[in-house]
Each structure stands twice: as structure tokens, then as C-alpha cells.
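See below for the structure under consideration.
2 protein chains.
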Amino acid sequence: MESLRILAENFGRLEGVGKKTATRMAFSVLEWDREDVESFAKAILDAKEKIHLCPICQNLTDKDVCPICADPERDHSLICVVTDARAVMAMEKVREFRGVYHVLHGMISPMNGITPEQLKIRELLLRIEEGNVDEVIVATNPTVEGEATAMYLSKLLRPIGVRVTRLAYGVPVGADLEYADEITLFRALEGRREV
Amino acid sequence: MESLRILAENFGRLEGVGKKTATRMAFSVLEWDREDVESFAKAILDAKEKIHLCPICQNLTDKDVCPICADPERDHSLICVVTDARAVMAMEKVREFRGVYHVLHGMISPMNGITPEQLKIRELLLRIEEGNVDEVIVATNPTVEGEATAMYLSKLLRPIGVRVTRLAYGVPVGADLEYADEITLFRALEGRREV
């Protein structure tokens, strides 16, 4: 069944989905009503069409400027740099962070051929050059790539006179920020240190 | 982001996908190129449109009659009754079974309100009434529901003079047939016993 195989292949391209899981998913969809299947296909197209990057922080949004960047109550002099949009969601759950974000869309990883040029670092520099930025908290994951990215940013930003800090090692080493609980993230934020 | 939430909800409706995984998947799709996203939506609609149930064995197929039912080389007097289409795929990997299949699309489960009437048992009876069926191998999962379904089928079919067998307990108890390896399935098939 060619169409089933193609569907499973598509599921298999999702992050973290193996071949067996992808096949299960394809079978699962076939059990749905036609109406639900059509809604699913529409939801995929809709999301891709409506969601784009915020021109300021590079986070995903369906608005011209994302609600966080557009919020005058937030502290725009404090930028928390994260790897991806999911990390923003995780940080926002803490409810303690009143600054704004910058989403890099990846981490520096020579092993995987990801260089600083492929990340949204240029956009971060532009924001800082516009002034009014006092501190950049580098909240990349506490992994080798995350640390490498933090070091790179520190070396790049400190000469411009920006305070660069790193989340404290309250975050379990080697883990993904997305899976940290609120309390751990809060403590990591409180204990942040200069890089 | 309403459209992201809706997309995540749709992923969450897939079998075995929790809320967190569903959100990851939704974010994952947004990272794809527009072209790939469109192919994904198309694959979903295509699969649902082209794949239907084989009128004989009730397995999923994109042909009028599925390739197994249409194969004159297979032994049509030997029917292996399974829970779902994935179990057929698992059985076919053994390459030792030369009979045909019948897909019930579920198991009897009073706990979950699933009665024999909701399964493709009527269609199985019709096949048997047409004659030429010597043996029915009940290859439902070795779980409570699987056993209940096997007992039900045995009581229903034996009076009609059909030999009813059950896969041997080579299959690990409590597991899903889909995850059994080929050798285990082969042994289970060899050691099948009368119910």
C-alpha cells in the first residue's frame, strides 16, 4: 500500500519518531473518520501558513510581532537567549522571568555542521546594537552544544559591553530544557552566573 | 497561537501520543519547508482516500481485493484471525504462514464497551458459511481481551464444524503481537493448539 507507506514516511520525518512508531501513526490515522482526517490535514497547512518568526525575537508567532516583544510591561533590556520555541514555552511557565527572549533556532555544533552563521545570532546583535540591552541570559541546554553556543555568545557580546550570564546548573546536566520542571527552572534563573 | 494548539491537538489524537509529544510534533512540522508540509497534508488525505477494507478479510488495502485474498497460491481453507492490520504485517514477516487472514478490528472488551457485534465477526461467519474453511487460527493478542475474543470465537465456530486453534504461548504474555520477533511468532504458529 503505497499511500500508507508514504504517510508513514512523513510521520517518520517528525523529530523523535522512529520507523515503527511512524507506521503505528499511519495506521492510527486510517481509523479516524474522514472528517477528522480532513481537519488534521487542514491543521497542518493552517499552522504552517499562519505561523512565522517574530521579526524581533525570532520566536514563532501568528501575530506581526509576538505578544512578548509587544508587551510594554516586560523588561526589554533583559534578553533570554534560547535554542528553540519550546524553550520559550518552558521558561514562560516559570512566570518569574519578566524579560524578553531571543530564539537562536539551533545550537552551534561543528559535529553536525551547524555554524554560528546558521543561527539567529545576527538578529541578536542587531537588537543589541539598537541599544537598551543590559543583560543577555544564555539559556541554551546544558549540553556540549549548548555550552559551546554560550561560550561563543559570551566572547561575542562581552566586548560590546553587554552583561552575559548563563542559567545556573540547577538544570540537570545533559537534559533538554523542555523537560525541566518549573521549580528547577526558577532556581536556575535565580542562580544565574556571569559566563 | 491557536493554529499551533489545534495542530498539537490533532497529533495528540494519534494512538499512543501524549500531550507533550504532540506539542513537539507540532513544532517539528513548523520547521519543515512549505513543500514538505504540503506533501504531509496530502499524504494524510491520500491514504484515507485510497485505503479501505478488503471486502473478504477486512484488512486495509488500496486494491479492490487485498493481495493476500487475491493470491491463488495461498491456502484459503486456513484463516488466521487477528485484531488489526498491524498484526497481519507482523504475521507476514514470518513468511511461514501460507493461509489467509481475517481482521476483527478490535477485541471483545466489556470493560471498554466493545461487544462482538462491533467487530468483523459477522463477516468471518459469512466466509465460513461459504464453505471450504478447515481451520481458524485465532491470533489475537495474549491479553485478557485477546483470550476472551478467542474463547468467544471458539464457542461460535466449533459447532459449525470448523477447527479452531490458538497461537501457542510462545508469544510473551501481556505483550502486543506487533512487537514479537519473527522467531517467536514462528514458534507460536508451529505450536498452535486447539482452543
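Residue numbers (numbering that gives the first Met the number 0), protein chains in the order written: chain A, 0 to 194; chain S, 0 to 194.
Cβ coordinates follow ideal geometry from the N, Cα and C atoms, glycine included.
**Report entry** A:VAL28: contacting residues in chain S (beta-carbon distance under 8 Å)
**Finding:** Residue mapping note: residue 28 of chain A aligns to position 29 of the first sequence, counting from 1. What A:VAL28 touches in chain S: LEU13, ILE43, ALA46 and LYS47.
Requested in this report: List the residues that DSSP assigns as beta-bridge partners of A:LEU59.
Outcome: Your numbering for residue 59 of chain A matches position 60 in the first sequence. When DSSP reads this structure, A:LEU59 sits in a beta bridge with A:LEU52.
Query raised in the report: From A:THR183, A:GLY11 and A:SER108, pick the residue whose C-alpha is nearest to that of A:GLU95; which is it?
Result: The sequence position of residue 95 of chain A within the first sequence is 96, counting from 1. If we check each option's Cα against that of A:GLU95, A:THR183 comes out closest.
Requested in this report: Please compile the residues from chain A whose C-beta is within a distance smaller than 8 Å of the C-beta of S:ILE5.
Outcome: One-based indexing of the second sequence puts residue 5 of chain S at position 6. Think of a sphere of 8 Å around the beta carbon of S:ILE5: the chain A residues whose beta carbon falls inside it are ALA42, ASP45 and ALA46, in chain order.
Query raised in the report: Pairing CB atoms from the region 34 to 50 of chain S with CB atoms from the region 15 to 24 of chain S, are three or more of them under 8 Å?
Result: Contact fails between the region 34 to 50 of chain S and the region 15 to 24 of chain S, because fewer than three Cβ pairs, one in each stretch, are under 8 Å apart.
Requested in this report: Answer with yes or no whether the minimum CB distance from A:GLU73 to chain S is below 8 Å.
Outcome: Counting from 1 along the first sequence, the entry for residue 73 of chain A is found at position 74. The identity of residue 73 of chain A in the sequence shown is Arg, whereas the question assumes Glu. No, its Cβ sits nowhere closer than 8 Å to a Cβ of chain S.
Query raised in the report: What residues from chain A crowd round S:ASN131, counting only those whose CB sits closer than 7 Å?
Result: Locating residue 131 of chain S in the second sequence gives position 132, where the first residue counts as 1. Near S:ASN131 there are no residues of chain A at all, since even the closest Cβ is about 27 Å away, more than 7 Å.
Query raised in the report: CA-CA distance, S:CYS53 and A:LYS49?
Result: For the purposes of this step, residue 53 of chain S is identified with residue 54 of the second sequence, where counting begins at 1. For the purposes of this step, residue 49 of chain A is identified with residue 50 of the first sequence, where counting begins at 1. S:CYS53 and A:LYS49 have their C-alpha atoms roughly 39 Å apart.
Query raised in the report: Assuming A:VAL163 and A:GLU193 make a contact with CB atoms under 8 Å, what is their CB distance in whole Å?
Result: Mapped onto the first sequence, residue 163 of chain A falls at position 164. Mapped onto the first sequence, residue 193 of chain A falls at position 194. The C-beta distance from A:VAL163 to A:GLU193 rounds to 7 Å, short enough to fall under 8 Å.
Requested in this report: Check each candidate in A:VAL143, A:ILE159, A:THR148 and A:MET110 and name the one with the smallest Cα separation from A:ASP133.
Outcome: Here residue 133 of chain A corresponds to residue number 134 of the first sequence, with the count starting at 1. Ranking A:VAL143, A:ILE159, A:THR148 and A:MET110 by Cα distance to A:ASP133 puts A:ILE159 first.
Query - C-alpha gap between S:LEU125 and S:HIS101, whole angstroms - result: Looking up residue 125 of chain S in the second sequence gives position 126. Looking up residue 101 of chain S in the second sequence gives position 102. Going by the C-alpha atoms only, they are around 12 Å apart.
Query raised in the report: What residue range is occupied by the uninterrupted alpha helix (DSSP H) comprising A:GLU146?
Result: Here residue 146 of chain A refers to the residue found at position 147 of the first sequence. Its alpha helix (DSSP H) spans residues 143 to 156.
Report task. State the Cα-Cα distance for the pair S:THR114 and S:TRP31, rounded to the nearest angstrom. Result -> Working through the second sequence from its first residue, we reach residue 114 of chain S at position 115. Working through the second sequence from its first residue, we reach residue 31 of chain S at position 32. Taking the straight line from one Cα to the other gives about 43 Å.
Report task. Taking only the alpha-carbon atoms, compute the straight-line gap between S:TYR151 and S:GLY105 and give it to the nearest angstrom. Result -> Along the second sequence, one-based indexing puts residue 151 of chain S at 152. Along the second sequence, one-based indexing puts residue 105 of chain S at 106. So the two alpha carbons sit approximately 13 Å from each other.
Requested in this report: Out of A:ASP175, A:GLU1 and A:MET0, state which residue places its alpha-carbon closest to the alpha-carbon of A:MET90.
Outcome: Stepping through the first sequence from its first residue, residue 90 of chain A is reached at position 91. Among A:ASP175, A:GLU1 and A:MET0, the Cα nearest to that of A:MET90 belongs to A:ASP175.
Query raised in the report: For chain S, is any of its Cβ atoms less than 8 Å away from the one on A:ARG33?
Result: The residue given as residue 33 of chain A occupies position 34 in the first sequence. So yes, A:ARG33 belongs to the interface.
Query raised in the report: So which residues on chain A does S:MET90 lean against when the C-beta distance must stay under 9 Å?
Result: Here residue 90 of chain S corresponds to residue number 91 of the second sequence, with the count starting at 1. The premise fails here: S:MET90 is roughly 15 Å from chain A at the closest Cβ pair, so nothing lies under 9 Å.
Query raised in the report: A:ASN140 and A:THR82: beta carbons closer than 8 Å?
Result: By 1-based counting over the first sequence, the position of residue 140 of chain A is 141. By 1-based counting over the first sequence, the position of residue 82 of chain A is 83. By the CB criterion at 8 Å, A:ASN140 and A:THR82 fall inside the cutoff.
**Report entry** Nonlocal neighbours in the same chain, by C-beta distance under 8 Å from A:SER76, ignoring five residues either side
**Finding:** Counted from its first residue, the first sequence places residue 76 of chain A at position 77. Cβ within range, chain order: GLY98, ASN131, VAL132, ASP133 and GLU134.
Report task. Can you grab the Cα-Cα spacing for the pair S:LEU123 / S:CYS56, in whole Å? Result -> Position 124 of the second sequence, counted from the start, is the residue given in the question as residue 123 of chain S. Position 57 of the second sequence, counted from the start, is the residue given in the question as residue 56 of chain S. Going by the C-alpha atoms only, they are around 8 Å apart.
Query raised in the report: Which one of S:ARG157, S:PHE10 and S:ALA138 has the shortest CA to CA distance from S:ILE78?
Result: As a position in the second sequence, residue 78 of chain S is number 79, starting the count at 1. Closest by alpha carbon: S:ALA138.
Requested in this report: Could you confirm whether any beta carbon from chain A is found closer than 8 Å to the beta carbon of S:ALA21?
Outcome: One-based indexing of the second sequence puts residue 21 of chain S at position 22. With respect to chain A, the C-beta atom of S:ALA21 has no partner C-beta closer than 8 Å.
Requested in this report: With 7 Å as the limit, tell me which residues of the region 50 to 61 of chain S have their beta carbon closer than that to any beta carbon of chain A; keep them in chain order.
Outcome: Residues passing the 7 Å Cβ filter: ILE50, LEU59, THR60 and ASP61.
**Report entry** Residues that DSSP places opposite S:ARG162 in a beta bridge
**Finding:** By one-based count along the second sequence, residue 162 of chain S stands at place 163. Beta-bridge pairing links S:ARG162 to S:GLU134.
**Report entry** Straight-line gap, S:LEU118 to A:GLU144 (C-alpha atoms, nearest Å)
**Finding:** Here residue 118 of chain S refers to the residue found at position 119 of the second sequence. Here residue 144 of chain A refers to the residue found at position 145 of the first sequence. Answer to the nearest angstrom: the Cα atoms are 52 Å apart.
Query raised in the report: Looking at the unbroken alpha helix (DSSP H) that takes in S:GLY98, where does it start and where does it end?
Result: Position 99 of the second sequence, counting from 1, holds the residue named residue 98 of chain S. Here S:GLY98 belongs to no alpha helix (DSSP H); instead the beta strand (DSSP E) covers 98 to 102.
Query raised in the report: Excluding five sequence neighbours on each side, which residues of the same chain lie with their C-beta closer than 7 Å to the C-beta of A:GLY15?
Result: Along the first sequence, one-based indexing puts residue 15 of chain A at 16. Counting only Cβ-Cβ distances below 7 Å, and skipping sequence neighbours, we find nothing.
Query raised in the report: Would you say A:PHE96 reaches chain S, if we count a Cβ-Cβ gap shorter than 8 Å as a contact?
Result: The residue given as residue 96 of chain A occupies position 97 in the first sequence. For A:PHE96, the closest Cβ of chain S is not nearer than 8 Å.
Query raised in the report: Rounded to whole angstroms, how far is the Cβ of A:ALA147 from the Cβ of A:ILE107, which I believe are closer than 8 Å?
Result: As a first step, residue 147 of chain A must be located in the first sequence, where it is residue number 148. As a first step, residue 107 of chain A must be located in the first sequence, where it is residue number 108. The pair is a contact, with the Cβ atoms about 5 Å apart (cut-off 8 Å).
Report task. Spell out the partners DSSP gives S:LEU77 in its beta bridges. Result -> Numbered from its first residue, the second sequence carries residue 77 of chain S at position 78. Answer is S:GLU134.
Requested in this report: Pick out whichever of A:GLU72, A:ARG73 and A:ILE67 has its Cα sitting closest to the Cα of A:MET88.
Outcome: In the first sequence, residue 88 of chain A corresponds to position 89, counting from 1. Ranking A:GLU72, A:ARG73 and A:ILE67 by CA distance to the CA of A:MET88 puts A:ILE67 first.
Query raised in the report: Does A:ALA86 come within less than 8 Å of chain S when only Cβ atoms are used?
Result: Here the question's residue 86 of chain A lines up with position 87 in the first sequence. Taking 8 Å as the CB threshold, A:ALA86 stays off the interface with chain S.
Query raised in the report: Since A:SER38 meets chain S, which of its residues come closer than 9 Å, beta carbon to beta carbon?
Result: Locating residue 38 of chain A in the first sequence gives position 39, where the first residue counts as 1. Ordered by position in chain S, the residues that pass the 9 Å Cβ test against A:SER38 are ILE5 and ASN9.
Report task. Give the secondary structure of A:ILE113 by DSSP, where H, G and I count as helix, E and B as strand, and everything else as coil. Result -> For the purposes of this step, residue 113 of chain A is taken as residue 114 along the first sequence, with counting starting at 1. The answer is strand: DSSP assigns A:ILE113 an E or B state.
Query raised in the report: Helix, strand or coil: which one does DSSP assign to A:GLU193?
Result: Within the first sequence, numbered from 1, the residue matching residue 193 of chain A stands at position 194. Looking at A:GLU193 - three-state DSSP - the assignment turns out to be strand.
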